[in-house]
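Undergrad: Per numbering that gives the first Met the number 0, residue 0 is the first one in the sequence shown, and the count goes up by one each step. Note that beta-carbon positions come from the ideal geometry of N, C-alpha and C, so glycine has one too.
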Amino acid sequence: MLQVYTGTGKGKTTAALGVALRGAGYGLKTLMLSFLKDDPAYGEARAARLLPGFVLKQVGRDAFVNFRNPDPVDLKLCRAGWEEAKKAIAQKAADIIILDELNIVLATHMLPTNEVCEFLRQYSHTLEIITTGRGAPEELLKIADLVTDMQEIKHYFHRGIASRNGIDH
Ligand code: ATP
Ligand code: MG
């Protein structure tokens, strides 16, 4: 199945991680590719070492991504990350493949939505694929088997509370 977790509220990446945790209980293997990130301090990057069958690879870089005018380096990393994702999916490298932040990569045209959707449509019957991130494009929603919109009702960020270790990252 193809699952898409999108929307403005908190809970997209952590919902995907929840599936990985649940899957591990049944011996399912998860591969998570985190687009736009390269920071080993993330809780999920630390936890990957603790959960058998859970592999996380950050395919971005540790820098601010300018979505309005992305740096060529970021475009190159997105492309390389997507090529890796395609290979993993085609080879069925895991039972669950999480493409973290892919939605925003598509929304900001850092990868072509039609190319990505065409591939995901072909392979979503063969394994569980989860994409996360804000602003999932309509074309992706159309081919998904499940779409959840995390709607922000309230977030402590607006009270000036910054990202907390182990809770937000
Ligand atoms: P999480 O990883 O906690 O499940 P997320 O994947 O839904 O969050 P992202 O859009 O990937 O959210 O943003 C990542 C970071 O931004 C997290 O630290 C998260 O807590 C925070 N965040 C999520 N939603 C909001 C919001 N509406 N306002 C401010 N910060 C947010
Ligand atoms: Mg996220």
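Please determine, among Glu-114, Arg-120, Pro-51, Gln-121, the residue with the shortest C-alpha to C-alpha distance to Ala-93.
TA: On the sequence shown, position 94 is the one that residue 93 refers to. Nearest neighbour of Ala-93 by Cα position, chosen from Glu-114, Arg-120, Pro-51, Gln-121, turns out to be Pro-51.
Undergrad: Residues in its own chain within less than 6 angstroms of Lys-11 by CB, not counting five upstream and five downstream?
TA: Within the sequence shown, numbered from 1, the residue matching residue 11 stands at position 12. Once the five neighbours on either side are set aside, the close Cβ partners of Lys-11 are Tyr-4, Thr-131, Met-149.
Undergrad: Work out the CA separation of Ile-152 and Leu-126 for me, nearest whole Å.
TA: Locating residue 126 in the sequence shown gives position 127, where the first residue counts as 1. Locating residue 152 in the sequence shown gives position 153, where the first residue counts as 1. Take the alpha-carbon of Leu-126 and the one of Ile-152: they are about 33 angstroms apart.
Undergrad: Please check the pair Cys-77 and Leu-30, which I expect to be a contact at CB under 8 angstroms, by giving their CB distance rounded to whole angstroms.
TA: Counting from one through the sequence shown, the residue named residue 77 turns up at place 78. Counting from one through the sequence shown, the residue named residue 30 turns up at place 31. Not a contact, Cβ separation roughly 17 angstroms.
Undergrad: Closer than 8 angstroms is the cut-off here; do at least three beta carbon pairs connect the stretch 10-24 with the stretch 57-68?
TA: Touching, no.
Undergrad: Within the same chain, show all residues whose beta-carbon is closer than 6 angstroms to that of Glu-137, passing over the 5 residues directly before and after it, in chain order.
TA: As a first step, residue 137 must be located in the sequence shown, where it is residue number 138. If we look at Glu-137 and ignore the five residues flanking it on each side, it has no Cβ neighbours.
Undergrad: Should Asp-167 be listed as close to ligand 1, given that the test is whether its C-beta is under 7 angstroms from any heavy atom?
TA: Indexing the sequence shown from 1 puts residue 167 at position 168. Placement of the Cβ of Asp-167 at a distance of less than 7 angstroms from at least one heavy atom of ligand 1 is found.
Undergrad: Considering only heavy atoms of ligand 2, list every residue whose Cβ is less than 7 angstroms from one of them, following chain order.
TA: Lys-11, Thr-12, Asp-99, Glu-100, Thr-131, Gly-132
Undergrad: Return the CA-CA distance between Gly-6 and Leu-105, expressed in angstroms with no decimal places.
TA: For the purposes of this step, residue 6 is identified with residue 7 of the sequence shown, where counting begins at 1. For the purposes of this step, residue 105 is identified with residue 106 of the sequence shown, where counting begins at 1. Using only the alpha carbons, I get a separation of about 14 angstroms.
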